[in-house]
Structure formats: structure tokens, C-alpha cells
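Shown next, in C-alpha cells, is the structure this report addresses.
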Amino acid sequence: MTAAETLAGPVNPGSWQYRQLNARAPGLSYLSDALSALVEDGHPVMAGTADLQYSNGLARFAARYPDRFIQFGISEQNMVSAAAGIATTGMTPFVATFASFLGLLCCEQIRMDVAYSALPVRLIGHHAGIALGFYGTSHHATEDLAIMRSIAGLTVVNPADGPQLAAAIKASADHPEPIYFRIGRGQEPNVYDDLPDFRFGKAIEHETGTDLTIIACGTMVHPSREAVRALRASGLSVGLIDMHTIKPLDREAVLAAAERSRIILTVEEHNILGGLGGAVAEVMAEAGTKAVLIRHGIRDEYSLIAPPTHLYRHYQLDAAGIETVVHDILS
Amino acid sequence: MTAAETLAGPVNPGSWQYRQLNARAPGLSYLSDALSALVEDGHPVMAGTADLQYSNGLARFAARYPDRFIQFGISEQNMVSAAAGIATTGMTPFVATFASFLGLLCCEQIRMDVAYSALPVRLIGHHAGIALGFYGTSHHATEDLAIMRSIAGLTVVNPADGPQLAAAIKASADHPEPIYFRIGRGQEPNVYDDLPDFRFGKAIEHETGTDLTIIACGTMVHPSREAVRALRASGLSVGLIDMHTIKPLDREAVLAAAERSRIILTVEEHNILGGLGGAVAEVMAEAGTKAVLIRHGIRDEYSLIAPPTHLYRHYQLDAAGIETVVHDILS
Amino acid sequence: MPTTAIAGPAPDPMGAGRTPTPEILAPEILAPETIAHLEERARHVRLETIRLIAIAKVGHYSSTFSCAELFATLYYDAMRLRHGEPRWPDRDRFLMGKGHAAVGLYPLLADWGFFPKELLDGYTRLGNPLGDHPDMTKVPGVDFSSGSIGHALSAGLGMVMGGRMMGRRFDVYVMLGDGEMQEGQVWEAAMAAAHQKAGNLIAIVDRNGYQLDGQVDEVMGIEPLADKWRAFGWEVHEVDGHDVAALATLFRRLKQDKTRRKPACVIARTLKGKGVGYMEREAGWHLGYLAPEDEAAAIAEIMGQPASPAIAQKDAAQGDAR
Amino acid sequence: MPTTAIAGPAPDPMGAGRTPTPEILAPEILAPETIAHLEERARHVRLETIRLIAIAKVGHYSSTFSCAELFATLYYDAMRLRHGEPRWPDRDRFLMGKGHAAVGLYPLLADWGFFPKELLDGYTRLGNPLGDHPDMTKVPGVDFSSGSIGHALSAGLGMVMGGRMMGRRFDVYVMLGDGEMQEGQVWEAAMAAAHQKAGNLIAIVDRNGYQLDGQVDEVMGIEPLADKWRAFGWEVHEVDGHDVAALATLFRRLKQDKTRRKPACVIARTLKGKGVGYMEREAGWHLGYLAPEDEAAAIAEIMGQPASPAIAQKDAAQGDAR
Ligand SMILES: Cc1ncc(C[n+]2csc(CCOP(=O)(O)OP(=O)(O)O)c2C)c(N)n1
Ligand SMILES: Cc1ncc(C[n+]2csc(CCOP(=O)(O)OP(=O)(O)O)c2C)c(N)n1
Ligand SMILES: [Mg+2]
Ligand SMILES: [Mg+2]
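Chains as they are written, first to last, in our numbering: chain A, 1 to 331; chain B, 1001 to 1331; chain C, 2001 to 2322; chain D, 3001 to 3322.
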């Protein structure tokens, strides 16, 4: 089924939304399609958004399952608390909006109504990090991992790409805790093929190395992989771990890497405080590992505005930048 | 001037509020009195709260300076954004509510309107941690340090007692950044005498030790000090640092302690993830210190309900509990 | 008014297991016994509130007293519930925006057999599930946790929507404080409920005139309140919140009307502290503690005996457990 | 209607330094030249919007077009401003809840001499201060940052309160989207503004009927909107948001009334995309990008020449810069 078939109502095949869903952000379709697969498997899932059904592609799901979709308008907090109410009736709601609004604006509703109440709500924070480029700080989310990680009883996942998101959503069917999924803008190149193996809390080791191991998450896995390839080709022993689950963190993976490598470099599209770097620091400091940690990401500042690719270059969050960072560390 | 003189309107000297302000939570008067001192020194400060003027004692300030007080009712988010608007006109607003509502419910307004906008707003999150005992999780704040710490451009302070709060408020007059003050319920015994020395970002070393150094903040400084006294009396070399400023963290103090002691123990009335323990972990892991870190606090769970003193005992967050924790570590 | 004296935890005159079936009762036939029963249940709420707060040593007497008749009417006349089955999927739901009045709800939940009555005796003590605010993860019969004012109407709307998707029809009652009207999320939910034509959502505003810092109209005025709800697309009913007959009639009428597509807002005019004179007159009682020696007098007043002049002067004794 | 053709960045026919002093102008004497000037300024907003979005390669044409006359009337008739003095303490303030229309505001701020016009040419490029949303820390003349819909009315109320404490009186204008009415914080602020008798606070709702996901009434209905504001204690004025004469008259009247104790809400009925026919007809243009070959035609249409039939069929070209 193409998007043209799934879209109903005001969206016509020649329109801007159509192209957005299909051409501009191909990664977006994974969310709707993974949810549709859950419906087809008989799971009682539903979806909701807060006036962003084209940005997150849920328009596709809404067209297919209009009875399982709720449009909340621009009221994110109502959406999250209502999702909790929905979850009490036996449905599993997936609610999506920009990560800045979900992870920050709704933080208290998430703690109280979702995480503390231990309800199977799935929160999808999309366009996380600085993916919204020149939309500016209001639309950036470089704090959400730190915030969500501080909330007890919440699983925090930052898939690297659409296929991994789909795999995580599939795996979520049996996951008892509420989940915060942090995703990008759907324009990232894929790291994985369709429905890769996925286990919550089980990191994926791409490469092992003795000089340095990169632990990356989310949108940073792809450029890190490119960087690692180049670095290895130049003779450096650099490892790479995809730490898709920020919480619960795969301690063993961190400790094994810290055992093997002199240096651990975390790479995240997030403040270097409190997020992936913070989580890895806690494990390393408590274990008293010999390796030292270096955190790469947004250095506790507000990003400039510019198109996202320009920002990734500026903040050395693209493959070339990460490669340079590693070279600088190792020399 | 006694509270009886400062309180106006519906509060009469024989009433419940009167006693709350004077007898039950003597620590509360420091906030109002420190603000009043700023007014008297000619600073353009004002105060606001969201239907909690008796819980935070601002009723005292309101009675003295009614023109400098705004009652926002139960709308915390409006209060924070309005405070930012107020700050653009040259006033310095101090707005106070329970830490759970300030640090969580208003997290996005704090990031966007206060911290990112770099406005001199002072946020007072009171009854932080589990100080609201059987009021339950909605009223507990064991995530606020992690959340506030992830926000760039915000100073995060957790004074140990009323006198230190007053000193920090006094020092804030020349502080360029917005500040989140995290305080207790005003019933904590004092650690310091009136207006102790205070510098943002400069930790206070109480004791040095080689076996272990406790780094504590906020309400945990007093019981830690009691515990350290007992431990030292029993022959152990245990140090104590009051890390009142969580951000910017006093790196030098952490590194010096980690140089001297085998073990660093952080003690906070907060989740052990992302808060003081998290901040210290980041410094230690990046420096690759030989010392190991142990984090004591709320262990990524939701507190039981009970009167606060019962909870402190249960979670080993009183002097006896901390002493036991250290004994267990060192044996 | 019935004169039976009730001391301590009250017996259950109508039998705890009764499932009210208001659909088949016309409003007109509200029998005197029913009224007496509901009034007795409201008194039970007040007496139990006093008993439990004596354990906690601080609590929300006055917030609970203002909605005692609402609790009674909902739990003993309006709502469809099954004794001993707190998770019966077709039950009506009850949510409390003003969760700090939960102390008055717990005795009714125990009465419905949702948990053992003995639990009440450990109210707020370490390990006991019953705290100042209701907690669905701990207390069977609590349909949703609260404590942060302003979330409950959203959660209630979610239950309506979820019920719709699951093919179940039940009514969802959400009790809100009048101070709660100041929280923006309430208006997000109000707008959404009207948009979703949530006819089985019933908001009840306990219009007791006070919030923590004083009179609502002085702290942050909310009037004209009925106009607000109407402008947000709700059907509005104003009622004396201490008149169980009026309340029961109204709730029955709302329940019978299965075609309603607008959510309904009941503005219940109440007195904060209702039942104990000096609490009605002193806003500071929002949070307080009755000294043991005052308990008996307060109980006597609730039971219908006039309060002594000495008591009428009292203000709240000091709680130390906050 | 004036017929002067304006290409590219427009000249400033009335001189950029003019400080409007509407207090002394009675509404009746709104001269034809004034009307023509304001209409020209509105066209300038639209033309500059097209020019700047061509740099960004994606942007909010239609959200800006709906409020072009509002921008023009506020910045060239209603507001008290001083050329070159963006931080003049007594200036009137302007805040944008719908910050995504800032692209239309920047040219006016440049025109007021708040920053060099050359900055416009680097709109959204790395290092440039001008982004999709207005940023007070970067752009002189922006009174408050926005982007997260729903904060602005609170911030504007804060300015009123702060001004009061500082002994200054200025007016605060807050422009809100109609979709923005769904954010609860707007109603918190609305309630508080009425409570605080913030007579110098003026909210303007750009009632263009659309939000991101479609028609406001379908996404999440907000009507009866005027009733909502009235019930929240505001004085409400409804006006044709593209009629600069009506707007100027209304804003002058509001400014002259110094005794008003109620905040005022102006509901401006507008067309989303106003000025370019196919944008008016296609909601998808909320965010879009005019292919370079369509630019000239859109400009022609804005300048008053009929659009060609081919153009009327168009939908938004693809932006790649999001
Ligand atoms: C979000 C939030 N802010 C503040 C509080 C603290 N608080 C508890 S009760 C209360 C007053 C409630 O007044 P009202 O809604 O009128 O309820 P009443 O007790 O009068 O029925 C406040 C402010 C809270 N629980 N939640
Ligand atoms: C809190 C928040 N949620 C979502 C968005 C994303 N967003 C940007 S514009 C928009 C639609 C705005 O519609 P409306 O208020 O009607 O403004 P218009 O462009 O029609 O004038 C949305 C949802 C946002 N900026 N802020
Ligand atoms: Mg009340
Ligand atoms: Mg609109």
C-alpha cells in the first residue's frame, strides 16, 4: 500500500503532505507502518498526535485506522494525560509530538500519569536534538534524554533509524513499562536492514577496538559508523556500540568496552550533561574503570540556528566531525 | 519584626498560618527575609507564588511589600512565563512553588522563557525531594536536579539550610544567570550560622578524609555532617563536602576529594540518576580518577508514603542511615 | 434528618454490596430513606475523615467536608459499581482533580469491598497504601492517581475515549476543585471533551469558594464559571452541593440521558469545611489538625448537636507531619 | 489602492523614523494616504516573506500572509516605537504566540532601524540571528522569544505587571494563532490578565481557520471563541483582519481608552495564505516552499495582478531544509 492509498481527507496525492510523507522524510513511514503491523497482529494499539500528523507521518496510520487515531490539537499535556486514561481501559496508546514538547512540556504528566502510574503508554518524541535546525531552541530537544532518564519506571529508547524503530515498536508489544521513544526527523540514512534484532536494554556492538570505543545513540549511530570505518581504515583500533536503550542502560556493554579500550567516547545529539554521556559516566565512575570518558554532543549550550545538516557539520556531529574528534583525541 | 507583624489580611496571630510560619517551619522565614533585605538594599526584586504563600512563607514578604508580590493562583506555567515577561522590564522576579511543580511541570517554560532567554528570573522549588512525605509522588521531586541540570544557562543551587539560602539569595543580586534554588520544607536543622560565606559554584569543605569523602547537597548536608562526626569519632577518615551548587559544579573540589579518598559517596534527596551523583560521575569518569563513586539517594524508584522523618529513616537518608551506609561500604 | 448516633467507623445500613441501578429509578421517586441514607453516608465521610486525619496528624478536613455529599451521592446512588470488583471493566469511573480530599473517599472504597477496612487504620503510615492523594497503583478502587492539580479531566477524557475504542460504555465522573479551574490543562481537556462529544464525561466542580491561599475570587477569580464551561461547549448544571436529594436527582437525570453529546459540568455550590462551624469560617483550615480534645466536639457537631461557643473560636491545631 | 510597483525589498515611503502618535489622531481622520501606506506595508510583508523563504527553502508563507495587515497596522500605526531604539523602555511591546510568522516581522523591525537590513539576506543561515521563530536574545526589536505555542500571553502579562511595578505604562500586544487557543496556558494567562485588570494588554487572535493538520474546527474546535474570551473576563472585538482601516481604527480606539480595566481581545477574521489564491485554498501550505519559477507569479498576484490559471492549481513545492 502506498501513502497515496492510505491518506484520506484533505490530503491529496499531489499535495505537499503526500510528498512529505513519501519523498522528503522516508523514515517517517516506519512509525505508522510498525503501528499498523501491531494492529494487524491483534494488539489493541491506538495513536494520537498534537497537530503534527504530517511531521510524524501518523497521517498514514490515521488514514488506515481512523477509529484508532485521535487528533488532540495543540494541547500536548492533555494528550499525555488522556493517553494515560486511555491506557487504563486496555488500549495501548502511542502518542507523538516533537521531542521538545513531549520530553519537556509534558515532563510532569509523563512522570505522574504515565511512569508513576505504570501505564503502558508509548511516547514518541520526534525531531529530537537539533533536527529542527532553524526552527530554533523552542523546537530543539537536547535535554529530553536527561529528563526522561531521571523518571523512574520509564524505558528510554533512542533508535538509530526507521528499521530499528520498527523493531523496537514490535518488541514493545510485550514490554511492561511505559516507553519514551526518541527519534529523528525521518531523513536519516538507515543503519539497519528491515526489522533488525532488537532487545530493550541490550546494546548492539558493531566493532570492537582497543584505542577507543564510540558509544553512540539515535541519529549519531550512522555518522559514527561512517567515522569508525574511516578510522579503522587508517589503522586505528576503534570500536562502536549502538546504545539504543538509554534506560535501562546496558552496563555490561559499557564495562566490557571500558575494559578493552583506553577511551570511551559517547556521541549523542543531546547535551553532554545527563544524557547518554551522563548515563555512561555513572556506570564508569561507580565501577572505577581504568578507561576515561569523553563526551561529545551539544556542550551545555543552545545551538545556533541553521539548516540541520549545517548544524551537524558545525557541531562536528556528522561523520567527518566525529572522525576529527577521534583523531584529535588519539593524537 | 515578628511574623505576627508582617502578616496581614486573613492571617491572624492565633491562626494556623501564623504557627506554620513561626513554629512549624522556622526555615521558611529565610526566603522572605532575604528577599526583604534585597528590597531594602534597593534591588528591584519582586516575588510570586502559585497558591502556596503559606507553604513557602512568602506571605511574610507579601504582607511587607504587597506591591511587589503577585499571587498567580494554581497556574504554575503562567507564573514562570509571566516571571520571564516581568524580568524583561527590569524587575528581578523570585517565583516559588513546590519543586515538583516548578522543576517538572514548568520545565519547558523554564528552558525556553527563562534559561534560553537568559532572563534574571529566580525559581524557588521548595519541599523538594521526599519532604512532602505522605502527599505522595505528585508532591515529591526526586528528578528536578537532573532536569534543571540538563538546561543550559541555568545555575542550579541546593542550599543546605535557611542561612545558606539567605546567603545565596544575597549573592544572587550580582549573578548574571537565572537560578533554580532547590530547598527543603523549612524544618531542617540549620547547618550554618547567619549568612555564611557563599559563592556560586564554590563548594564548602567541612572535613577531609582518606577513606571516603561524602559529597552532599541540600537537606542531606546536615545528617551527613552528623554521620561524619560519628564516623570520625570511631576512627575513620571520612571527609565531607557541601556541594550546594549543582551547576556549575565545583570540579576542583570533586577532583581534590577523589585524589585524597579511595571512595566518593554522594548523598542527595534525589534520584541517584542524573542529579548530584550524576554530575559528580561525569567529572570523575572524564578525569579518570582512581577513586570510585557510590551514589546514595533514592534508587530510581518512587518513594513510599509516610511522614518524612519515617521516610528518611527508611531510605537511610538520616544521620544514622548515612552512617550505616558508610560503615557498610568501608567494611 | 436521621438521628442515629454513629461512633467510630460506621456500620453500613444499606449493606455494602448494593449495586445502585439508577437507570430504572425515576428522579421523582427519591424516597426519604434514600435521602436519609445518603446523608448518613456523607456524615460517615466526615467522621472517618476526622478519624483518619487523627492518625496522619495533618490533613484536608475542609476540602473533604465540602464534597462529602458529592462522594455519598456518587458512590451510593449515581455510579454503577460492583461490590468487591474494583476492576470490573464496565464500572463507572471516578477521578479526583482535588486528590487531596481522598481521605474522605477511602472509607467508601473500603465499604464497597475494594480493600480491607483495616487498611484505613494505617492511613499515611509507612507501608500503607493510603496517602493524602489517591494512588491507583496502590489502592484498589482508585481509578486514577492524582495530586498534581489539573490532570484529572484529561485522564477522564482518555477513559471515555478508550472505552469507546474498547466498545464499552460507562460514565466517567471527575471531581474538580474551584481553585483547580486556574490550571490551563483543565481547559485543554474541556475543549477536547466537547470536541470529542464525550457525553458520558461528567465534571463536578466543588465550588467551595476557597483554595490554599484564601478566597478563590481574591486569589485568582474564576467567575463567571458557568459561562466558561458553556463557552467551552459543555452543558452546565448548578446545584446545592450539600443537598443529597438535589444531587441524586441531577445525577440520575444525567445518567438516564443516553443521547447527550455534550459533556456535562455540575457546579456544586458548597461550603469549605461544611459541618464544623469554625472550619467553615476560617480559610486556614485548608490544611490542619484537630487537637485530640477537639475531636469529640467536632464529631458532635457533625452528628447534629450544636457546637459549644468555645469550639467556635478555635482554629486549626498544629500538624507536625507535613 | 496604490499602483506603484514594488520589486524586491521595498522602499519606505513614509520614512522609517516616523513615530506614530495615535493618541492625538481621532479614528475618524484615518486619511486615504494612511490606508494606502498600511496596505503597501502589508504587501511589503508578503513580498519580503517570499524573498526570505526563498533563502530558507521552507517556511510559513500562509501563516504570515494572514497577519500581514495586522503587522502593518501595529508597526506603522498603533504601536509607540522609536526608530533605532529597540530597547526604549516605554515602547509598546509586541509578542508572537504564533512565532512561526516571524519571517514577516523581521523586515519591519529592520525598517524601524532595529538592526541592519542586510541581516535579512542571511535569514536562517548559520550564524544569522533570524530564524523561523523570533529570538529576543539574538534579534534587536524582538520583545520576546517564541516558538513553543502558548507561552506568549503569559509573557505579555508579565510585561504589563513588570511595567506597573517599574512605574511605566506601555501597551502590550500579543498575537496568537487560532490553533494556539488549544493550549491551556493561554487560558491560564487569560484568566490571570482579567484578574490583574491588565487593561493595557491586547491579545489578537489571527482567526485564519487553519492549523498544521487542517481546519481548526475539525482538528479541535475552538468556537464560540468570542464567548470564551468574554467568559474569561476580556472585552472582545471582532474585525476583518485584512481591512487596515478597520484595524487601525480599532487599535486607535483601544489605545485612546486609558481607563479600560479589562484586557482586550481582537479576533481578526483572516484568510490563511491571503494574497496568493492557491495558498488560500490549500491547507498544506502551512509549511511550504515556492519553487523559484513560481515566485514571480506569486509576487504578481500580491501586487494586484490576477494569477494565471496554471498557478491557481499549484500546491506547495517541496522544501528540503526542515
Ligand atoms: C499543580 C498543583 N499545584 C499546587 C498544588 C498544591 N495545592 C494542594 S490543594 C491546593 C488548593 C486547592 O484548591 P481547590 O482546587 O479549590 O480545592 P479545595 O480543597 O478547595 O476543594 C493547592 C494549591 C497541587 N496539589 N497541585
Ligand atoms: C507547543 C507547540 N506545539 C506544536 C507546535 C508546532 N506547530 C507550529 S505551527 C502549528 C500550527 C499553528 O496553528 P495556528 O495557531 O492556527 O497558527 P497559524 O499558522 O494558522 O496562524 C503547530 C502545531 C509548536 N510550535 N508549539
Ligand atoms: Mg476550593
Ligand atoms: Mg491558524
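The C-beta atom is built at its ideal place from N, Cα and C for all residues, glycine as well. In this text the structure is predicted, and so the values were computed from the model without any measurement.
Counting only residues of its own chain and dropping the five nearest sequence neighbours on each side, glutamate 1188 of chain B has a CB closer than 7 Å to the CB of Gly1027, Asp1161, Thr1219, His1222. Judged by the Cβ position, lysine 2272 of chain C qualifies as a neighbour of ligand 3 at the 7 Å threshold, a heavy atom of the ligand being closer than this. At a Cβ-Cβ threshold of 8 Å, leucine 3157 of chain D and glycine 1085 of chain B count as neighbours. Distances from the CB of glutamine 316 of chain A to the heavy atoms of ligand 4 are all 7 Å or more. Not one heavy atom of ligand 2 lies closer than 7 Å to the C-beta of histidine 127 of chain A. Under the Cβ distance rule, glutamine 2185 of chain C counts among the residues neighbouring chain A, one pair being separated by less than 8 Å. Listed along chain A are Tyr135, Gly136, Ser138, His139, each with a C-beta nearer than 8 Å to that of histidine 3133 of chain D. Contact holds between the stretch 3195 to 3214 of chain D and the stretch 3174 to 3184 of chain D, because three or more Cβ pairs, one in each stretch, are under 8 Å apart. In the three-state DSSP reduction, phenylalanine 2251 of chain C falls in the helix class (H, G or I).
Put simply, the CB of leucine 3157 of chain D is near chain B, with a gap under 8 Å to one of its CB atoms. Taking the C-beta atoms as reference points, glycine 125 of chain A is found no nearer than 8 Å to leucine 105 of chain A.
Residue pairing for glutamine 3215 of chain D: DSSP places it in a beta bridge opposite D:Tyr3210.
Taken in chain order, the complete alpha helix (DSSP H) segments of 4 or more residues contained in the stretch 1207 to 1245 of chain B are 1221 to 1233. The residue among D:Glu3040, D:Thr3064, D:Glu3048 with its C-alpha nearest the C-alpha of leucine 3287 of chain D is D:Thr3064.
Judged by the Cβ position, glutamine 2256 of chain C fails to qualify as a neighbour of ligand 3 at the 7 Å threshold, every heavy atom of the ligand being at least this far. Excluding residues up to 5 positions away in sequence, Ile2053, Val2103 lie with their Cβ nearer than 6 Å to the Cβ of glycine 2059 of chain C in the same chain. In the DSSP assignment, asparagine 1271 of chain B is bridged to B:Ile1298. In the three-state scheme derived from DSSP, where H, G and I count as helix and E and B as strand, proline 308 of chain A is classed as helix. Residues of the same chain with a CB within less than 6 Å of the CB of arginine 3260 of chain D, apart from the 5 flanking positions on each side, are Gly3199 in chain order. When rounded, the separation of the alpha-carbon atoms in methionine 284 of chain A and alanine 1285 of chain B is 6 Å.
When DSSP states are grouped into helix, strand and coil, leucine 123 of chain A belongs to the strand group. For aspartate 3240 of chain D, there is no enclosing alpha helix (DSSP H); the enclosing beta strand (DSSP E) has its first and last residue at 3235 to 3240. For alanine 2268 of chain C, the enclosing beta strand (DSSP E) has its first and last residue at 2264 to 2269. If you check the CB distance, leucine 330 of chain A and leucine 236 of chain A come in under 8 Å.
DSSP lists A:Ile241 as the bridge partner or partners of glutamate 205 of chain A.
Proline 2292 of chain C sits in a helix when the DSSP states are folded into three classes. Between serine 1075 of chain B and chain C, the shortest Cβ-Cβ separation is below 8 Å. Between histidine 3083 of chain D and glutamine 3196 of chain D, the alpha-carbon positions lie close to 31 Å from each other.
A:Ile215 is the residue among A:Ala146, A:Ile215, A:Ala87 whose C-alpha sits nearest the C-alpha of isoleucine 204 of chain A. Of the heavy atoms belonging to ligand 4, at least one sits nearer than 7 Å to the Cβ of asparagine 3208 of chain D. Using a CB distance cut-off of 8 Å, glutamine 3182 of chain D counts as an interface residue toward chain C.
In the DSSP assignment, isoleucine 1110 of chain B falls outside any alpha helix (DSSP H) and carries neither an H nor an E.
Glutamine 3211 of chain D sits close to aspartate 51 of chain A, with the two beta carbons spaced by under 8 Å.
Of all alpha-carbon atoms in C:Arg2168, C:Ala2231, C:Phe2144, the one lying nearest the alpha-carbon of alanine 82 of chain A is that of C:Phe2144. No Cβ-Cβ contact shorter than 8 Å links leucine 145 of chain A with isoleucine 264 of chain A. A straight-line Cα-Cα distance of about 14 Å links methionine 3159 of chain D and valine 1114 of chain B.
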